[in-house]
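There are 2 protein chains.
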Amino acid sequence: MIDALLSDAELRAAVDDVHPSGDDPETIARIAWSVLAEPGDGVAGTLIGELGAAEALRFVFGEPRTLVPPGRESRTLAEGISRWSARADPRSVRRAVTDARDVSARLIVPGDPEWPMALDDLGAHTPVLLWVRGRPSLLRRGPRVAIVGARAASAYGEMVAAELAGDLAASGAVIVSGGAYGIDGAAHRAALAVDGATVAFLAGGVDRAYPQGHQQLLRRIADTGAVVSEVPCGVAPTKWRFLSRNRLIAALGQATVVVEAGWRSGSLNTAGHAASLGRPLGAVPGPVTSAASAGCHRLLREYDARCVTNTAEVRELWESLSPDGETAENVIDAEQVRLLDAIGTRSGVPLVEIARRAGLAPDRVRALLGVLELEGIVEQTAAGWKKKPTRGRRG
Amino acid sequence: MIDALLSDAELRAAVDDVHPSGDDPETIARIAWSVLAEPGDGVAGTLIGELGAAEALRFVFGEPRTLVPPGRESRTLAEGISRWSARADPRSVRRAVTDARDVSARLIVPGDPEWPMALDDLGAHTPVLLWVRGRPSLLRRGPRVAIVGARAASAYGEMVAAELAGDLAASGAVIVSGGAYGIDGAAHRAALAVDGATVAFLAGGVDRAYPQGHQQLLRRIADTGAVVSEVPCGVAPTKWRFLSRNRLIAALGQATVVVEAGWRSGSLNTAGHAASLGRPLGAVPGPVTSAASAGCHRLLREYDARCVTNTAEVRELWESLSPDGETAENVIDAEQVRLLDAIGTRSGVPLVEIARRAGLAPDRVRALLGVLELEGIVEQTAAGWKKKPTRGRRG
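Listed below in structure tokens is the structure:
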């Protein structure tokens, strides 16, 4: 499949319009993966992490297909292949790019200067790419705070969301949310009202305004902020895609604040992602008589969320972190993870290519590889660096 | 002073009317101490704990006065003596008893069957006695939950307080509070409304309705519950006595719930006592826009209070504890503390007298003394048991 795509002149020209790397096989392969796999497909993520996107595509669709090892992994992989095969149509890949180009969306992939390293904390669930309408640079600017909550918000909740988002945006924070009615909308609007920066993650394609009633709001966000999605243009939001989208909000935010949430609100899913990523989590309390606050109180009780009642208290959530929003330890971990994601066990990868894939400076890559070599995790071959095979590693 | 009091026939007759032990020197000495010392006077508490109430009185007012050891303790003690001397008037002691008798108040002292062992956790700040109008037995009945909060409560706060107190009282819990306007009053009233049990701790004498507007409410509480104070009848509530009273609410409650509290509310003082006593502490959240909830949110943020939004969640606060509301470990600790409080380093105390003072069964005292003797903490003399002097122990 990848070879057919790479020889598709129309596709390569279109990619050139949405991404500076143009016809790089990795970029085209990632676009293909975003068409083939649902958001957060961990099997695809693992495969791409191990082999690189293009090589993973060849592995899956190449003839003769590389032998799949027996056992549990093979079944998971076989299921993945049958899942992905159902969507293996070069026209879909071409359409994903041309539709994006038509709405002036930009593509960013891991390794790009605009790629938000924060998302790499998602490991195998890191998105394969992001489509962005607006300013991709906002995704790396800090501090970034996710302000999310119930669609069925109360006037109280929308007021608090607006106050927090407005104050924080006015002081330079990027407000991250999901573009939904209720709390999300109030947060985005308040950020725009103070000429602040705001990012909306959509569950569907960035060419679709969802919800419809937020068509104008999303256009305004795209004008000065960023409207982002990991799914191709034309793709409709589904329940699964909403849940998957939530992990991106939680991962991009250096802190997540839930303003209002029902007992089973989707915002608790975002909060759960934030907590499992080790991101500080805040919850705004409300009247115990308000169903719209029940989820927030649940977060205080069950998720050990911090009670936040004003902007200063929200700011405290991330102020324990270093200026760029990650502790020094996390930066090292993330860099190692990204470096290891950039190389495989099969064939050696040259240092400059590792640097490009991982989005790290070549000097930094050299230093990290030195450490990893001493630890027996990587080894140098004639072709470049590769991971040392370890017991239990997947083929 | 104690000898003058013991030979006062009118006093002894009056004590007989308020307490079964009648003319027991310890009981009369405790009444004297309650007149001499302000609530929570730790110096008096330590002295009484070391020597017993009557012996402590003799030590302080006897002629010739036992020599005070040099150093810091002596100054603390000298200051205490000058403080207590200012109030050393046998007529005040007599009035404390006759005034209490006139309003049918009952006296309870440590060792009485009704004495709430929970208060012994206050150590040197354990009250020397309690005056009770109503049913002293309620003080030992469990579960007991303290429901407190702002006088300047909102309609929301009073509603929540009433709902929690009503539900809990209906299911058999004793509602402990401070008899004040606002949250306290709402909690007491709700308990009465379901024919439940409720205890009001006053900062002034039990013969005085404070606040005046709660005269009828306090009368109703005394009818079926208990109105309690550690200060003599006739004594007015002061700022200090309010703060001291709060420790009794916190200590008697097996859990404390703050329903509404301003940023500097006295309820935070009660909450602080509960936390330092290791009692579970709950706070009811409210709108972040409500000043009456600011203190509760502070408790959630700074005191690690548990967010409670309904009766079941309040009940969870103490359900981790054993049926009588104290963990087995706490019971042992408290018994040891009380036993050690009942003996001094100076002269031996017979086992039966220790049992009486500590409010423990003689068999239990024998067992505990055996353990403490093995640990080198107590020793047996001809006169009875005494603490072994240790480096740094006060004279």
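Residue numbers (our numbering), protein chains in the order written: chain W, 1 to 395; chain H, 1001 to 1395. From the three backbone atoms N, C-alpha and C, an ideal C-beta is built for every residue, glycine too. Predicted, not measured: the structure shown is a model, and the values here were computed from it.
Exercise. Touching or not, the segment 1223–1240 of chain H and the segment 1112–1132 of chain H, by the rule of three or more beta carbon pairs under 8 Å?
Worked result: yes
For this session: Classify residue 1279 of chain H as buried or exposed, calling it buried when 16 or more other Cβ atoms lie within 10 Å of its own Cβ.
Result: buried
For this session: Classify residue 309 of chain W as buried or exposed, calling it buried when 16 or more other Cβ atoms lie within 10 Å of its own Cβ.
Result: buried
For this session: Leaving out five residues on either side along the sequence, give the residues of the same chain with a beta carbon under 7 Å from the beta carbon of residue 275 of chain W.
Result: 281 and 303
Exercise. Taking 8 Å as the CB-CB cut-off, is residue 303 of chain W touching chain H?
Worked result: no
Exercise. Between residue 230 of chain W and residue 7 of chain W, which are expected to be in contact by the criterion C-beta below 8 Å, what is the C-beta distance as a whole number of angstroms?
Worked result: Incorrect: roughly 26 Å between the Cβ atoms, too far for contact.
For this session: Measuring alpha carbon to alpha carbon, tell me which of H:1220, H:1183 and H:1094 ends up nearest residue 1267 of chain H.
Result: H:1183
Exercise. Once you ignore the five residues that flank residue 3 of chain W on each side, which residues in its own chain have a CB closer than 7 Å to its CB?
Worked result: none
Exercise. Would the segment 8–27 of chain W and the segment 43–61 of chain W be scored as touching if the rule is three or more Cβ pairs under 8 Å?
Worked result: yes
Problem set entry | CA-to-CA distance, residue 92 of chain W to residue 395 of chain W, given in whole angstroms | At residue 395 of chain W the pLDDT is 30, less than 50, meaning the model places this residue with poor confidence and gives no usable figure here.
For this session: Would you mind stating whether residue 1175 of chain H and residue 1165 of chain H have Cβ atoms separated by less than 8 Å?
Result: yes
Problem set entry | Boundaries of the alpha helix (DSSP H) in which residue 94 of chain W is found, first to last residue | 90–102
Exercise. Taking the alpha carbon of residue 1341 of chain H as the point to measure from, which residue in H:1234, H:1128 and H:1259 has its own alpha carbon closest?
Worked result: H:1128
Problem set entry | Proximity to residue 1047 of chain H [Cα-Cα], best of H:1038, H:1298, H:1077 and H:1005 | H:1077
For this session: Look at residue 288 of chain W and residue 1284 of chain H and say whether their C-beta atoms are less than 8 Å apart.
Result: yes
For this session: My understanding is that residue 181 of chain W touches residue 143 of chain W, with C-beta atoms under 8 Å, so please give their C-beta distance in whole angstroms.
Result: Their Cβ separation, rounded to whole angstroms, is 26 Å, which puts residue 181 of chain W and residue 143 of chain W out of contact at 8 Å.
Exercise. Identify the residues that DSSP records as bridge partners of residue 144 of chain W: which are they?
Worked result: W:174
For this session: Have a look at residue 1379 of chain H and residue 1117 of chain H and give me their C-alpha separation to the nearest angstrom.
Result: 25 Å
Exercise. Given that residue 297 of chain W touches chain H, what residues does it touch there, using C-beta distances under 8 Å?
Worked result: 1285, 1307 and 1309
Exercise. Can you name the residues of chain C whose CB is closer than 8 Å to the CB of residue 300 of chain W?
Worked result: Looking for chain C here will not work: the only protein chains present are W and H.
Exercise. Touch check for the segment 235–245 of chain W and the segment 146–163 of chain W: three-plus C-beta pairs under 8 Å?
Worked result: no
For this session: Please name the residue or residues paired with residue 1076 of chain H in a DSSP beta bridge.
Result: Answer by DSSP bridge pairing: none, since residue 1076 of chain H is not bridged.
Exercise. Roughly how many angstroms lie between the CA atoms of residue 99 of chain W and residue 209 of chain W, to the nearest whole one?
Worked result: 14 Å
Exercise. Where do the ends of the beta strand (DSSP E) carrying residue 401 of chain W lie?
Worked result: A query on residue 401 of chain W cannot be resolved here, the shown segment of chain W reaching from 1 to 395 and no further.
Exercise. By DSSP, does residue 229 of chain W sit in helix, in strand, or in coil?
Worked result: strand
Exercise. In chain W, which residues lie less than 8 Å from residue 1160 of chain H when you measure between Cβ atoms?
Worked result: 288 and 289
For this session: May I ask which residues mark the beginning and end of the beta strand (DSSP E) holding residue 1107 of chain H?
Result: 1106–1108
For this session: Report the rounded CA-to-CA distance for residue 106 of chain W versus residue 364 of chain W, giving the unit in angstroms.
Result: 28 Å
Exercise. Near residue 374 of chain W, what residues of its chain come up, given a Cβ to Cβ distance below 7 Å and the 5 sequence neighbours on each side ignored?
Worked result: none
Exercise. Quick one: does residue 156 of chain W have its CB under 8 Å from some CB of chain H?
Worked result: yes
Exercise. Based on Cα-Cα distance, which residue from W:20, W:104, W:5 and W:126 lies nearest to residue 88 of chain W?
Worked result: W:5
Exercise. If we count the other Cβ atoms within 10 Å of its Cβ and call it buried at 16 or more, is residue 1306 of chain H buried or exposed?
Worked result: buried
Problem set entry | Buried versus exposed call for residue 1115 of chain H [16 or more other C-beta atoms within 10 Å across all chains shown] | buried
Exercise. In whole angstroms, what separates the C-alpha of residue 1383 of chain H from that of residue 1353 of chain H?
Worked result: 11 Å
For this session: Tell me whether the beta-carbon of residue 277 of chain W lies closer than 8 Å to the beta-carbon of residue 251 of chain W.
Result: yes
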